[in-house]
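Take a look at the structure set out below.
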Ligand code: GLN
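Structure follows, in structure tokens:
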């Protein structure tokens with residue numbers, strides 16, 4: 375069967391949940407037995423979001439193949455359980471970089487290089503790349519930004535051309551907002567009409583309209599939108615606000631989004647989608663018997679999206695434990711010796727988050743010391759693990775001024791140091807130790823107990839590492855290496871066996887937690903917090 379394409383665009387406002395709608399559709403098609411993948415096209419000029427500050431763009435999500443990508447890819451993986459890759463996230467920057475490289479090589483044979491056809495051809499090539507692999511029945515491509523933006527124009531133009539070339543083999547879903555005016559008690563459709571008009575002006579007719587709303591949309595309103603926008607009334611569907619994003623696939627099923635899309639693609643409906651395990655997860659999410667509070671210590675806590683995958687991993691792992699995890703957001707810059715006890719005393723567990731640079735480091739160290747000395751379950755991720763090593767060096771091994779060379783290049787005790795492979799790296803973009811690496815676990819460790827196996831693979835995003843020169847000293851004093859990369863010998867996990875549950879991981883377990891497979895370390899961390 376040749377691959378079919380679904381495009382998802384958005385209008386009226388940003389943040390309406392295109393990524394969640396695209397992920398939900400993928401889930402529904404997958405639950406009917408189709409092989410699906412999601413792709414995101416981002417209209418900014420950065421080559422990838424790896425160089426973006428989390429305040430700008432939220433979390434940078436990392437794939438197995440080491441691509442630094444948009445956080446929507448995290449949703450795709452969490453919903454479908456299928457790994458994504460570099461090919462699943464393309465930016466304007468990457469498109470231009472490819473075209474300019476070809477131009478410099480002389481590939482265009484003296485032609486004037488233009489947005490149409492050269493940029494649009496490159497966009498189309500990248501969309502079709504996933505389909506050409508022959509692995510997928512359906513590729514769902516989400517176009518970032520809002521219709522009408524200057525930046526997204528070339529992408530929409532590429533979609534227009536591609537739909538023309540593909541004929542019956544594609545569907546375009548347009549997501550808009552139906553605002554509610556409380557003064558008059560009315561739902562307004564005009565923004566949707568304008569948004570569709572903006573699409574029509576650039577030659578694109580949507581097939582399905584998903585209307586984001588706070589209130590139920592009645593049949594009259596749907597008929598009206600259908601009439602103005604040239605779509606079938608049944609293809610005007612609502613996306614009503616729900617308490618959890620994981621309910622959206624169920625709502626989209628009720629609205630028959632999957633049926634409408636499959637019909638338009640000419641694909642058989644097969645059997646009803648099998649959503650049993652999804653519904654079980656949702657049930658557990660809403661019917662828990664316990665609650666805990668976990669402190670998330672980081673420097674971007676004002677913006678929860680900066681820690682998106684960690685938040686979701688807690689949701690998945692909480693459900694398995696029949697437990698609601700309440701995250702207490704703790705700004706590492708606000709923690710000091712005077713308030714640390716007050717701020718942390720009611721927590722069942724503490725997670726110290728990943729990060730870069732020295733802002734907020736002192737607070738992170740205080741939180742770790744508190745967790746270590748008071749036997750509070752602790753999970754340190756990446757920078758959080760490195761800080762746990764520094765805290766141990768300073769306060770247990772009495773190595774005064776021990777540090778990471780990232781923060782203090784001239785420290786006497788560089789317990790965290792730049793990896794050899796990073797010594798000559800000067801460019802910032804895409805040059806960290808990125809993506810999946812093997813890790814061998816020490817039998818009998820907390821990590822081994824959590825995973826239930828010796829060999830695992832986890833994703834990385836860092837330049838610094840635990841300095842193995844100090845390994846013996848640490849082990850003698852009670853902090854041991856329990857996970858190691860067999861190829862390089864790098865320390866991937868440290869633990870304090872005498873502590874109830876104290877685990878620091880150089881990798882990012884949160885990227886691999888999904889609804890169907892909650893991450894074992896998060897599951898085990900919550901278990902420890904409950905005991
Ligand atoms: N800044 C640290 C490093 O580069 C940690 C990175 C992270 O937390 N992702 O090694």
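Residue numbers (my numbering): 375 to 905.
Ideal Cβ placement from N, Cα and C applies to all residues, glycine included.
Distance CB(residue i)-CB(residue j) smaller than 8 Å
i, j, result
"residue 512", "residue 403", "yes"
"residue 907", "residue 785", "Here the chain has residues from 375 to 905 only, and residue 907 is not among them."
"residue 900", "residue 622", "no"
"residue 820", "residue 905", "no"
"residue 385", "residue 563", "no"
"residue 906", "residue 585", "The displayed coordinates of the chain run from 375 to 905. Any statement about residue 906 would go beyond what the structure contains."
"residue 611", "residue 631", "yes"
"residue 405", "residue 647", "yes"
"residue 530", "residue 383", "yes"
"residue 847", "residue 829", "no"
"residue 422", "residue 804", "yes"
"residue 729", "residue 673", "yes"
"residue 854", "residue 868", "yes"
"residue 856", "residue 816", "yes"
heavy atom of ligand 1 below 7 Å from residue i C-beta
i, result
"residue 876", "no"
"residue 688", "no"
"residue 809", "no"
"residue 423", "no"
"residue 449", "no"
"residue 492", "no"
"residue 548", "no"
"residue 837", "yes"
"residue 780", "yes"
"residue 428", "no"
"residue 757", "yes"
"residue 788", "no"
"residue 883", "no"
"residue 804", "no"
"residue 728", "yes"
"residue 760", "yes"
Residue i versus residue j - alpha carbon distance
i, j, result
"residue 861", "residue 811", "9 Å"
"residue 725", "residue 668", "7 Å"
"residue 737", "residue 650", "44 Å"
"residue 758", "residue 790", "12 Å"
"residue 928", "residue 518", "Residue numbering for the chain in the displayed model covers 375 to 905; residue 928 lies beyond these limits and cannot be assessed."
"residue 788", "residue 573", "57 Å"
"residue 663", "residue 695", "9 Å"
"residue 375", "residue 555", "47 Å"
"residue 888", "residue 485", "47 Å"
"residue 440", "residue 808", "5 Å"
"residue 735", "residue 760", "11 Å"
"residue 689", "residue 659", "8 Å"
"residue 781", "residue 750", "27 Å"
"residue 506", "residue 500", "10 Å"
"residue 476", "residue 620", "42 Å"
"residue 731", "residue 424", "15 Å"
"residue 742", "residue 727", "11 Å"
"residue 875", "residue 394", "34 Å"
"residue 605", "residue 381", "16 Å"
"residue 624", "residue 459", "27 Å"
Presumed contact (8 Å Cβ cut-off) between residue i and residue j, rounded CB distance
i, j, result
"residue 670", "residue 895", "Not a contact, Cβ separation roughly 15 Å."
"residue 446", "residue 516", "7 Å"
"residue 634", "residue 723", "Contact doesn't hold; Cβ gap of about 44 Å is too wide."
"residue 872", "residue 852", "6 Å"
"residue 740", "residue 709", "5 Å"
"residue 864", "residue 858", "7 Å"
"residue 835", "residue 806", "5 Å"
"residue 561", "residue 591", "7 Å"
"residue 693", "residue 655", "6 Å"
"residue 392", "residue 549", "5 Å"
Taking 8 Å as the threshold, find out whether the stretch 530–540 comes into contact with the stretch 394–412 through three or more Cβ pairs.
With a cut-off of 8 Å, the stretch 394–412 and the stretch 530–540 do not count as touching, because too few Cβ pairs lie within range.
With a cut-off of 8 Å, do at least 3 Cβ pairs link the stretch 580–600 to the stretch 565–572?
Verdict: yes, contact present.
Counting beta carbon pairs with one atom in the stretch 707–722 and one in the stretch 841–852, are three or more of them shorter than 8 Å?
As far as the Cβ criterion goes, the stretch 841–852 does not touch the stretch 707–722, which means the pair count is below three.
Would you say the stretch 426–439 touches the stretch 472–487, given that touching needs at least three Cβ pairs under 8 Å?
With the cut-off at 8 Å, the stretch 426–439 and the stretch 472–487 do not touch.
Is it the case that the stretch 538–553 contacts the stretch 571–581, given that we only count it when at least three CB pairs across the two stretches are under 8 Å?
yes
Should the stretch 877–893 be regarded as contacting the stretch 673–693, the criterion being three or more beta carbon pairs within less than 8 Å?
The answer is yes - the stretch 673–693 touches the stretch 877–893, with three or more Cβ pairs under 8 Å.
Would you call the stretch 453–464 and the stretch 411–426 touching, i.e. three or more CB-CB distances under 8 Å?
With the rule of 3 Cβ pairs closer than 8 Å, the stretch 453–464 counts as touching the stretch 411–426.
Counting pairs of beta carbons, one from the stretch 466–473 and one from the stretch 494–505, are three or more of them closer than 8 Å?
yes
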